[in-house]
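With the numbering used here applied, the sequence shown closes on residue 106, and no number is skipped along the way.
Virtual Cβ for every residue (Gly too), placed ideally from N, Cα, C.
Below is one structure, written out as structure tokens; the observations come after it.
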Amino acid sequence: MRVVIDQDLCGTTGQCVLTVPGTFRQREPDGMAEVCVATVPQALHAAVRLAASQCPVAAIRIIESDAGYDEHASADPAPSPAEAERHAVKDQRNPGGHDGTV
Ligand code: SF4
């Protein structure tokens with residue numbers, strides 16, 4: 005399992021850091037959440053799913069496959085029109101494509 009944070013959505017509440025401190029951390033000085041592991045250990049999968057479900061702005065995205073990062077990996081291969089538009093706007097604001105993974 006991998007996990008990424010949409011930093012365009014993160015509201016810096018810190019809830020994910022409180023839930024799984026070994027996986028998430030808050031960036032100085034703005035409090036933006038970051039993922040601090042390349043892959044989530046099996047023992048933390050349930051906790052990371054809980055953190056994702058509790059994020060107030062749904063900024064945490066879980067990628068179930070460990071076989072490399074695939075931006076399009078999901079149960080639904082076709083993004084919704086709203087998601088496609090959101091990513092288009094995000095790409096304009098974040099041309100480097102940083103996904104919150106350190
Ligand atoms: S719970 Fe969501 S909004 Fe809060 S810090 Fe984590 S990713 Fe950001």
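Between R65 and V8, the C-beta gap is smaller than 8 Å, which places the two residues in contact. Within a 10 Å sphere around the beta-carbon of T43 sit fewer than 16 other beta-carbons, which makes this residue exposed.
For G18, the CB contacts under 8 Å within the same chain, skipping 5 residues up- and downstream, are Q30, G35 and A37 in chain order. Residue range H49 to Q58 is occupied by the alpha helix (DSSP H) that includes R53.
In this structure, the C-beta of P25 stays at least 7 Å away from each heavy atom of ligand 1. Checking the 7 Å criterion, the Cβ of P45 is out of range of every heavy atom belonging to ligand 1.
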